[in-house]
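Below is one structure, written out as structure tokens, with a few remarks after it.
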């Protein structure tokens, strides 16, 4: 009888680290059956190969193909092998997580409906089918789920608005334009557990009375696009999409299309220029129809909420930040990857305890939280709990849960300049504060860094930042100054 | 490829995809997949098929960074310029790539061998710096690894 061996060859990053060659090497060994899973998200261990045993899966990694060939030369290695990491579920970095939304990620083969169902998949949909639409909305509201794309708007309230809006058809749109640097949780769901997203969208459809949906995925994620397209085809074949039309659509490299109204314009086939609000997309969204626009993680969290109840989900987290946060640790960090933890864990615990500090071994200078529009958090704030309100209180934001670690060699003035440069590059051009402000911002930062009337230019820079914050139409121009202001406040001698 | 053949292919693609809701981006992707870029001759065909003005189609093409209006080099190298990559030497990789290839971002080498493009995040942020060569992702890329990949 052959032994199941799990290789993360369905994950974009693990592939870049050689998972395909490792899978081939393992497959050539006697007595093994290779299962191509996604990644658990412990990227410093990837490619991490897991071998099924009676006690559970044991891990070996990181492996390259030569090491995998040697390891499996005489058949699957056992727990006594000197390179064995032990039971994967008991690795400290997994054991300390609370995997709710990401429970199947790295565990199952992404395109197996049978494995999805065997691991709790489609239980939430079955539960939703037994409920009325308002009852589904109420469950999501009671769970306290807030938009995981970054804005943290209560998902249940958004759904209620769409449910109560008049109009046929209604749409469910998944925002899979995960453009923030330091984030990859959406990508992991789409590549490693795509049916959870499909199930979440079907439940959303039942909740608001929508019978069609689109997943707008960035083109920079080709594997996610392909995996989703195949998952949709399989779900259709299995009868899950008989009453719901679902398509994946590919973006074309514009960061602004992660802003929901710009995304809708893009789906309609236009330039991704943002729309004025109101009307909200919930009232007049895609093609002018009532539309739910939710992030991947928000939607993929819904099946577990329905299956296990609002109270179960609420039992994680603190204050008004309920449930779990899929933290993505990136940049200059020793153990980078994905960690799903309850809201409320201190930033320091995540970065130092789970992450192990910097990869370079030098002291941490700062952590940028929440993507390119998020503040640079200085070490004196590292005891801040990871929840929406606590981060807001220190002038930061959690956003989509990306944390990018920088060591002490970082030139913070250059990072401030980059924030404006990025905004100038990605601005849709509709409103003046963002379109012109970002360009002027680069110029003013350059003058300060050259020492030209630095004091006067610092006053000007602050004024420009507040003009952009107060006057921009959307979050790009409205938040791009936040990293700049955080540098001026916490690293004043560098700008 | 001549303008006539481009127009013919574009017409077939429009016909196949026009029934989609919001068909313009899928059509542009399909045409670019075919030719490697969006030849000028496809624009009037798409405009006519979708009942848009040529300016509207051109405006959409110019808005999105991934739509190309010039043929790319035989290899397309995209280097991530975002923060997570900068935190582990991304700027040095950018500088090395430009000097090794002798071109800047958005340019194609004179011999048509390689096009260098910037990209803002590939979702590989835990194993940065990141780059792709013809869509294949590479992790933890430094100058030495870059030279190996470029052969």
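Protein chains in written order, with this note's numbering: chain A, 1 to 495; chain B, 1001 to 1151.
Every residue gets a Cβ at the ideal spot worked out from N, C-alpha and C, and that includes glycine.
Remember, predicted model here, so these are calculated numbers, not experimental data.
Taken in chain order, the members of the stretch 258 to 281 of chain A whose beta-carbon sits within less than 9 Å of a beta-carbon on chain B are 266, 267, 268, 269, 270, 271, 272, 273.
The alpha-carbon of residue 450(A) is positioned some 15 Å away from that of residue 492(A). Around the beta carbon of residue 456(A), fewer than 16 other beta carbons sit within 10 angstroms, so the residue counts as exposed. Residue 383(A) has no beta-bridge partner at all, per DSSP. Annotation for residue 341(A): no alpha helix (DSSP H) segment contains it, though the beta strand (DSSP E) segment containing it runs 337 to 342.
The beta carbons of residue 1121(B) and residue 179(A) sit closer together than 8 Å. For residue 1046(B), no beta strand (DSSP E) run applies; the uninterrupted alpha helix (DSSP H) run containing it begins and ends at 1042 to 1050, by DSSP.
Contact note: residue 1124(B) reaches chain A through 12, 13, 16, 184, using a C-beta cutoff of 8 Å and chain order. The beta-bridge partner set that DSSP reports for residue 1131(B) consists of 1079(B), 1138(B).
Within the model, the alpha-carbon separation for residue 1116(B) versus residue 53(A) is close to 47 Å. In the three-state reduction of the DSSP assignment, residue 365(A) falls in the strand class, which pools E and B. Within the stretch 1046 to 1061 of chain B, 1059, 1060 place their CB atoms closer than 7 Å to a CB of chain A, listed in sequence order.
Secondary structure of residue 441(A) (DSSP, three-state): helix.
If you ignore the 5 residues before and after residue 1093(B), its C-beta comes within less than 7 Å of the C-beta of 1079, 1129, 1141, 1142, 1143, 1146, all in its own chain and listed in chain order. Under the DSSP assignment, residue 1147(B) falls outside any beta strand (DSSP E), being part of the alpha helix (DSSP H) whose first and last residues are 1143 to 1150. Rounded to whole angstroms, the separation of the alpha carbons of residue 384(A) and residue 237(A) is 48 Å.
Cβ neighbours of residue 154(A) within its own chain (closer than 6 Å, five residues either side excluded): 146. In terms of CA proximity to residue 376(A), 418(A) leads the group 418(A), 344(A), 68(A), 83(A). Following the DSSP letters along the chain, one finds residue 428(A) in no alpha helix (DSSP H), marked with neither H nor E.
Taking a contact as a CB-CB distance under 8 Å, the pair residue 101(A) and residue 310(A) does not count as one, their CB atoms being some 15 Å apart. One finds 1087 in chain B with Cβ atoms closer than 7 Å to the Cβ of residue 406(A), taken in chain order. Using a Cβ-Cβ cut-off of 8 Å, residue 74(A) does not count as an interface residue toward chain B, since no Cβ of chain B sits closer than that to its own. Cβ proximity to chain B below 7 Å picks out 219, 220, 221, 222 from the stretch 208 to 232 of chain A. Cβ neighbours of residue 1020(B) within its own chain (closer than 8 Å, five residues either side excluded): 1026. When C-beta distances to chain B are compared with 7 Å, every residue of the stretch 95 to 127 of chain A stays at or above that value. By the neighbour-count criterion, in which a residue is buried when 16 or more other Cβ atoms sit within 10 angstroms of its Cβ, residue 140(A) is buried. The beta carbons of residue 319(A) and residue 389(A) sit closer together than 8 Å. As the crow flies, the alpha-carbon of residue 344(A) is around 52 Å from that of residue 1046(B). Annotated three-state conformation of residue 109(A) is coil, per DSSP.
Contact of residue 382(A) with chain B is not assigned, every C-beta pair being separated by 8 Å or more. A buried status is given to residue 59(A), since no fewer than 16 other beta-carbon atoms sit within 10 Å of its beta-carbon. Of the candidates 274(A), 207(A), 221(A), 314(A), the residue whose Cα lies closest to the Cα of residue 249(A) is 221(A).
Annotated three-state conformation of residue 1011(B) is helix, per DSSP. Here residue 346(A) has 382, 383, 384, 385, 386 as same chain residues with Cβ atoms under 8 Å from its own Cβ, once five neighbours each way along the sequence are excluded. The beta carbon of residue 478(A) is closer than 6 Å to those of 469, 472 in its chain, skipping five residues each way along the sequence.
Buried is the label assigned to residue 1083(B), since at least 16 other Cβ atoms lie within 10 Å of its Cβ.
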